[in-house]
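Per the UniProt record's numbering, the sequence shown runs over residues 1 to 115.
For glycine and all other residues, C-beta sits at the position ideal for the given N, C-alpha and C.
Input: a single structure, listed below in structure tokens.
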Amino acid sequence: MTGKGQGFGFGLGKMKELAEAFKKAQQVQEGAKRLQEELEQMEIQGESGGGLVKVIVSGNQEPKRVEISQEALAQGAEILSDLVTAAMKNAYEKSTATMRERMEDLTSGLELPGF
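Take a look at the structure:
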């Protein structure tokens, strides 16, 4: 029988790779925590009607405020409702894209051995 002294099939090289992977994963975890805090502080603006309605959300898509112009109010309830909905969707799309980009930046270069 061969394999004596091999441990669980991990050579020293594999253990070193694994240790490096854990180190990188820890860095990503710390980066993710910082990113979460950053996203909470961000203000991302969505708008509709050429700026008649603005919706501001955090990078975590938490609603912060809505700004409605006098011109938008003059459009009536039904159109105003459509404008607010469109601005909300715009803000959501922007915040989702921002979050995705920031996560990709955080995890780029992360190469886990064996995955």
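Rounded straight-line distance, which links the Cα of residue j to that of residue i
i      : j     : result
Gln27  : Tyr92 : 28 Å
Gln61  : Lys14 : 41 Å
Gly51  : Leu83 : 10 Å
Gly31  : Ala77 : 44 Å
Arg102 : Gln36 : 10 Å
Pro63  : Val57 : 4 Å
Ala97  : Leu18 : 32 Å
Boundaries of the beta strand (DSSP E) in which residue i is found, first to last residue
i     : result
Glu67 : Pro63 to Ile68
Glu47 : Ile44 to Ser48
Residue i in three-state terms, based on DSSP
i     : result
Ser81 : helix
Gly3  : Bear in mind that the predicted position of Gly3 carries a pLDDT of just 48, short of 50, making it unreliable; the figure below should be weighed with that in mind. DSSP places Gly3 in coil when its eight states are reduced to three.
Test item: CB-CB of residue i and residue j under 7 Å
i      : j     : result
Ala72  : Val55 : no
Ser108 : Gly59 : no
Ala86  : Ser48 : yes
First through last residue of the alpha helix (DSSP H) which encompasses residue i
i     : result
Gln27 : Leu12 to Gln41
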